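Just below is one structure, and these are the notes that go with it.
Chains as they are written, first to last, in my numbering: chain A, 149 to 413; chain B, 3 to 230.
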């Protein structure tokens, strides 16, 4: 029986879709059977990031209103035989997607797959509720900025009311030099405020943008910072204990001293 | 026998008149005698207004009855009702009273967008995150980081205080007073307590020890019972 994990954040643009695509890919790289579900009706992106846009015939709404069978709507990834995508609808009526419909789809997928990754739309309205409905676990994505952390806090509060495990946190798009200058929140600070377990941290990497544009998730690349981070997160999801990546580049004595003094102030 | 006994006894005290009303007769009888008593003593309209304390004994009055009684007294004579005291209250009022005086311990994180409301004092074992809000009709004690909004003495108790292990709130509210964090970023303070300063008429934050001196009754149940 598989596990359904919803990727959510509250705020838009923090990297939910990118995280979903890359975790799906990373899990697939580890020989797991994975199904990605895009629940952002009207603003579907996951198919673009995965490079599967041109293969869409049916979507999630078609499944729900019975226009096709669930199997017909699933798109097989071009790189893996055991990675599938259930795309969101682009033109259909949003209100056709209901929590019951979503629960039914997830329940139907669970016996077939090891992991079902649900990409949640931004916001806390019906779209969010639908995405969470079928999930067993939740991952909250935030960036090291105050508005994003605030919304993550809000969403964690809402998730606590759901019948799922306590959510885990991914801090995305960390720019180390900005954190060091005090212009970005530190990971420890974010974890302390949100008081949930940290699942992983991902550096702000230009490769991620490049990869999204090519429809090829960055997790495929062998050794960029972001791809290693996503693969580490996937390993943690599988239960391995992997130490957090260190962002610190090799530093001279002088800058280390400087840091020491700026801290003791 | 009752006919001989006076239902209402009037006593003059330093605080004004004290009206003792017998609690063994019916309310109608009480009103009747009150009317007679009031009619018997005419007071010149030039006289000073005198304060009246009403002692009801073991009689419980409904709100309408109390209003009726007070209206009768104030309309007939140059009197002003200072207090109405009864030895008994309803169970419901007693429960509310108890709730008001209780310390409610809650263990959770109050997150952005969440509101935690309690009657009486709040003892929160956990943080109040930015965007979160805790309110209490009494005092608020946070064993954790207070980073959001705290509103103590919500129903108007200006003696209420807000204390936290670490305090860096967006807003502190006590009764109808509001103070907010300065516009520049601040570091926050440890083990301090916000309260209303009577001279400055605003909320100030001080060390816990200093506040305890200003609000000596902060932890005593009896004080709150007496104040009602």
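The C-beta atom is built at its ideal place from N, Cα and C for all residues, glycine as well.
Note that the structure is a prediction, hence the values are computed from the model and not measured.
Which one of B:68, B:216 and B:132 has the shortest CA to CA distance from residue 182 of chain B? B:132
At least 3 beta-carbon pairs within less than 8 Å: the region 184-203 of chain A vs the region 373-391 of chain A: no
So residue 116 of chain B contacts chain A; which residues on that side make the cut at Cβ distance below 7 Å? 305
Would you say residue 111 of chain B lies against chain A (beta-carbon separation less than 8 Å)? yes
May I ask you to check if the CB of residue 270 of chain A is nearer than 7 Å to at least one heavy atom of the ligand FAD? What this structure holds is no ligand at all, so the ligand FAD is not there to describe.
Would you say residue 341 of chain A reaches chain B, if we count a Cβ-Cβ gap shorter than 8 Å as a contact? yes
Is residue 352 of chain A close to chain B? Criterion is C-beta to C-beta, closer than 8 Å. no
Tell me whether the beta-carbon of residue 173 of chain A lies closer than 8 Å to the beta-carbon of residue 367 of chain A. yes
If you compare alpha carbons, which of B:161, B:119 and B:167 is closest to residue 178 of chain B? B:161
Note down, in chain order, all residues in the region 130-141 of chain B with a beta-carbon under 7 Å from any beta-carbon belonging to chain A. 131, 132 and 133
Helix or strand or just coil, what does DSSP make of residue 62 of chain B? coil
Residue 22 of chain B - partner residues in DSSP beta bridges: B:11 and B:57
Write down every uninterrupted run of the beta strand (DSSP E) in the region 231-255 of chain A whose length is 3 residues or greater and which is fully enclosed by it, in chain order. 231-234
Relative to the alpha-carbon of residue 307 of chain A, which residue among A:166, A:203, A:288 and A:293 has its alpha-carbon at the smallest distance? A:288
Using DSSP with H/G/I as helix, E/B as strand and the rest coil, what is residue 72 of chain B? helix
Count the other C-beta atoms from every protein chain shown that fall within 10 angstroms of the C-beta of residue 102 of chain B, then say buried if there are 16 or more, exposed otherwise. buried
Which residue's Cα is closest to the Cα of residue 191 of chain B: B:53, B:8 and B:165? B:165
State the CB to CB distance for the pair residue 130 of chain B and residue 95 of chain B, rounded to an integer number of angstroms; the pair is presumed to be in contact (CB under 8 Å). Going by Cβ atoms, the distance from residue 130 of chain B to residue 95 of chain B rounds to 31 Å, so no, they are not a contact pair.
Quick check: residue 267 of chain A and residue 313 of chain A, are their CB atoms within less than 8 Å of each other? no
By the criterion of Cβ-Cβ separation under 9 Å, what are the contact partners of residue 331 of chain A in chain B? Residues of chain B passing the Cβ test: none, with the nearest at roughly 12 Å.
Residue 197 of chain A: which of A:290, A:206 and A:185 sits nearest, CA to CA? A:185
Quick check on the burial criterion: 16 or more other C-beta atoms within 10 angstroms. Buried or exposed for residue 117 of chain B? exposed
Assuming residue 39 of chain B and residue 10 of chain B form a contact by the criterion Cβ under 8 Å, report the distance between their Cβ atoms to the nearest whole angstrom. 6 Å
Should residue 197 of chain B be labelled buried (16 or more other beta-carbon atoms within 10 Å of its own) or exposed? buried
What span of residues does the beta strand (DSSP E) with residue 287 of chain A cover, start to end? 285-290
May I have the straight-line CA-CA distance separating residue 76 of chain B from residue 7 of chain B, to the nearest angstrom? 25 Å
How far does the beta strand (DSSP E) with residue 137 of chain B in it extend, from its first residue to its last? 135-138
Helix, strand or coil at residue 165 of chain B [DSSP, three-state]: strand
Inter-residue Cα distance where the pair is residue 149 of chain B and residue 128 of chain B: 11 Å
Beta-carbon separation of residue 208 of chain A and residue 234 of chain A under 8 Å? yes
Could you name the residues that DSSP lists as bridge partners for residue 156 of chain A? A:288
In terms of alpha-carbon separation, which member of A:269, A:321, A:344 and A:149 lies closest to residue 254 of chain A? A:149
Which of the three DSSP states, helix, strand or coil, is assigned to residue 326 of chain A? helix
Can you tell me which of the three DSSP states residue 106 of chain B falls into? strand
What in chain B is Cβ-close to residue 301 of chain A, meaning under 7 Å? 113, 114, 131 and 133
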